[in-house]
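So the sequence shown is residues 9 to 416, counted in my numbering. Yeah, the Cβ is synthetic: ideal placement off N, Cα and C, and Gly gets one too. It should be emphasised that the depicted structure is a prediction, and the values quoted were computed from it without experimental measurement. Quick notes on the structure that follows.
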Amino acid sequence: MAEFTMELSDEQKEVRDWLHGFAADVIRPAAAEWDEREETPWPVIQEAAKVGIYSLDFYAQQYFDSTGLGIPMAMEELFWGDAGIALSIVGTGLAAVGVLANGTEEQIGTWIPQMYGDANDVKVAAFCSSEPDAGSDVASMRTRAVYDEAKDEWVLNGTKTWATNGGIANVHVVVAVVDQDLGSKGHASFIVPPSTPGLSQGQKFKKHGIRASHTAEVVLDNVRVPGSCLLGGKEKLDARLARAREKAKKGGERVKNAAMATFEASRPAVGAMAVGTARAAYEVALEYAQTREQFGRPIIDNQGVAFQLADMRTSIDAARLLVWRASWMAINGKPFTAAEGSMSKLFASETAKKVTAQAVQILGGNGYTREYPVERMHRDSAIYTIFEGTSEIQRLVIARTLAGMPIR
């Protein structure tokens, strides 16, 4: 087990600087254009693939970093560049985490490479969990998966929403109900392979922020997938459902569901994204305060501005430490006994919203225009308190964990 440290190794620093350079030289110059276009920035994703950032190998190296800091470090630097473009680059990772968290070794080796493609033929993947009537309340999920034993196939029907890369993905990972009586414990995850009949894109959303990231509904109409596309396999699912039914009879049910397993693994990474956006806005505000003069002196000389910057920097550093702690705990198998993953996501996402709003305020009228990036960063930051569990849900998870209650 790696010791927890706040000091990056020389190798980690090299990776961080490489990512920072890509974010500064490739992502930032393209940010405003793709925000306005509200389209997937395929050329930027392809550039990321060419240099090795958008690839299974890079993702695996960071994911299995024994310190746990590889993924949060990468997320912070890319999202420092721009949240919308960065989400287009890393959005496939959520589907990959879904397979890593629930799949067999064979499934991991088969499907994750197909999620990325290669530098000459870039692909993306989508994780489909939320539904029009089941966002925070995953127990209300209606998408059904019914097993056709005669053909060894699963038949999926339903509509997913808020799916990053939904409909344009090469591989979709879909969470569906297999036992309605068990609520959220009766869910399972399925791979929907490329060009599977019955899967189509529904509404594409026009969003307040992260506009360069494709978000859409995914419609499943009698989608048939082979039995081998059930993540983890049917034997494991049957055993899990049997345990859930037995525990449900006794009360105090604590079996994890497929979506929760994915979200628990990814929440610190979302926190790192928020840290990157907050840091970017803070740096713009700091430079502006140092160079903008009013009444014959830089505005940073005014205590009202200086104290805001002090609070911004303090909150960003605190958020990063919570993210790093949760990431280190996760990679070293330490249980989140106080919901540390949710803590990191909650604090970092709220920090991003506050810091970007303060940055707009420090820039005044300029901050409210699209001539300066803090306007876009402020819009982008709103998503962190919403996706992969709202701030209210994070507080609920933390509170129920502290009280020793089951997480639903």
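Which residue marks the beginning of the alpha helix (DSSP H) containing residue 199, and which one marks its end?
In the DSSP assignment, residue 199 falls outside any alpha helix (DSSP H) and lies within the beta strand (DSSP E) extending over 195-200.
Length of the line joining the Cα atoms of residue 121 and residue 399:
Taking the straight line joining both Cα atoms gives about 33 Å.
Sufficient close CB pairs (3 or more, under 8 Å) joining the region 246-255 to the region 333-340
Using a Cβ-Cβ distance cut-off of 8 Å, the region 246-255 and the region 333-340 are not in contact, since fewer than three pairs of beta carbons, one from each stretch, lie closer than that value.
Considering Cα atoms alone, identify which of 42, 284, 165 is closest to residue 232.
Comparing Cα positions, the closest option is 165.
Within 10 angstroms of the Cβ of residue 223, are there 16 or more other Cβ atoms? Answer buried if so, exposed if not.
Sixteen is the threshold: when 16 or more other Cβ atoms of the shown chains lie within 10 Å of the Cβ of residue 223, as they do, the residue is buried.
Under the three-state DSSP convention, the category residue 357 falls into:
Helix.
Around the C-beta of residue 119, are 16 or more other C-beta atoms found within 10 angstroms, so that it is buried, or is it exposed?
By the 10 Å Cβ count, residue 119 comes out buried.
Just verifying my parser: in three-state terms, what is the DSSP assignment at residue 232?
Looking at residue 232 - three-state DSSP - the assignment turns out to be strand.
Whole angstroms is fine: what's the gap from residue 239's alpha carbon to residue 198's?
One C-alpha to the other measures close to 6 Å.
Within the region 21-57, ranges of the alpha helix (DSSP H) (whole runs, at least 4 residues)
Restricted to the region 21-57, the alpha helix (DSSP H) segments that are unbroken, complete and at least 4 residues in length are 36-45, listed in chain order.
Rounded to whole angstroms, what is the Cα-Cα separation between residue 173 and residue 280?
C-alpha separation (whole angstroms): 21 Å.
For residue 168, three-class secondary structure by DSSP:
DSSP, reduced to helix, strand and coil, places residue 168 within a strand of the structure shown.
Exposed or buried, residue 100, counting other C-beta atoms within 10 Å across all chains shown (16 or more means buried)?
Looking at its Cβ environment, which holds 16 or more other Cβ atoms inside 10 Å, residue 100 is buried.
The region 174-182 / the region 200-210 touching (three or more Cβ pairs under 8 Å)
Yes, since at least three Cβ pairs between the region 174-182 and the region 200-210 fall closer than 8 Å, the two stretches touch.
Euclidean distance between Cα positions of residue 357 and residue 128:
Taking the straight line joining both Cα atoms gives about 35 Å.
Burial state of residue 228 (16 or more Cβ within 10 Å):
Counting Cβ neighbours within 10 Å, residue 228 comes out buried, since at least 16 surround it.
Give me the Cα-Cα distance between residue 86 and residue 284, rounded to the nearest whole angstrom.
Whole-angstrom Cα-Cα distance: 7 Å.
Between residue 391 and residue 93, what straight-line distance do the alpha-carbon atoms span, to the nearest angstrom?
If you take the alpha carbons of residue 391 and residue 93, they lie about 14 Å apart.
Leaving aside the five residues before and after residue 6 along the sequence, list all residues of the same chain whose C-beta is less than 7 Å from its C-beta, in chain order.
There is no way to answer for residue 6, as the model of the chain reaches only from 9 to 416.
Can you tell me which residues form a DSSP beta bridge with residue 139?
Residue 139 pairs with 142.
Using 8 Å as the threshold, is the C-beta distance between residue 385 and residue 411 below it?
Cβ atoms of residue 385 and residue 411: not closer than 8 Å.
Counting only the same chain and skipping the five closest in sequence on each side, list residues whose C-beta sits under 6 Å from that of residue 374.
Here the set comprises 380.
Name, in chain order, the residues that DSSP records as bridge partners for residue 156.
The partner list for residue 156 (beta bridge, DSSP) reads 161.
The region 306-314 in contact with the region 339-353 per 3-pair CB rule at 8 Å
Taking a cut-off of 8 Å for Cβ pairs, the region 306-314 and the region 339-353 do not touch, as fewer than three such pairs fall below it.
Between the beta-carbon of residue 10 and the beta-carbon of residue 340, is there less than 8 Å?
In contact: residue 10 and residue 340 (Cβ atoms closer than 8 Å).
Just how far apart, CA to CA, sit residue 219 and residue 45?
Answer to the nearest angstrom: the Cα atoms are 8 Å apart.
State buried or exposed for residue 377, treating a residue as buried only when at least 16 other CB atoms are found within 10 Å of its CB.
Its Cβ having fewer than 16 others within 10 Å, residue 377 is exposed.
Straight-line CA distance for residue 139 to residue 149?
Taking C-alpha positions only, residue 139 is separated from residue 149 by approximately 7 Å.
Would residue 290 and residue 363 qualify as a contact pair, given that the criterion is a beta-carbon distance under 8 Å?
Note that the C-beta distance between residue 290 and residue 363 is below 8 Å.
Applying the criterion that 16 or more other CB atoms from any shown protein chain within 10 Å of the CB defines a buried residue, is residue 42 buried or exposed?
Counting of Cβ neighbours within 10 angstroms places residue 42 among the buried residues, the total reaching 16 or more.
Assign residue 14 to buried or exposed, taking buried as 16 or more other Cβ atoms, counted over all protein chains shown, within 10 Å of its Cβ.
So residue 14 ends up on the exposed side.
According to DSSP, is residue 343 helix, strand or coil?
Residue 343 falls in the coil class under three-state DSSP.
Smallest Cα separation from residue 125: which of 62, 395, 84, 69?
The closest CA to that of residue 125, considering only 62, 395, 84, 69, is found on 62.
Please classify residue 117 as buried or exposed, where buried requires at least 16 neighbouring CB atoms within 10 angstroms.
With fewer than 16 Cβ atoms within 10 Å of its Cβ, residue 117 is classed as exposed.
What does the Cβ neighbour count give for residue 195, buried or exposed, with the cut at 16 atoms within 10 Å?
Under this definition residue 195 is a buried residue.
Tell me, which residues are paired with residue 302 by DSSP?
Bridge partners of residue 302: 305.
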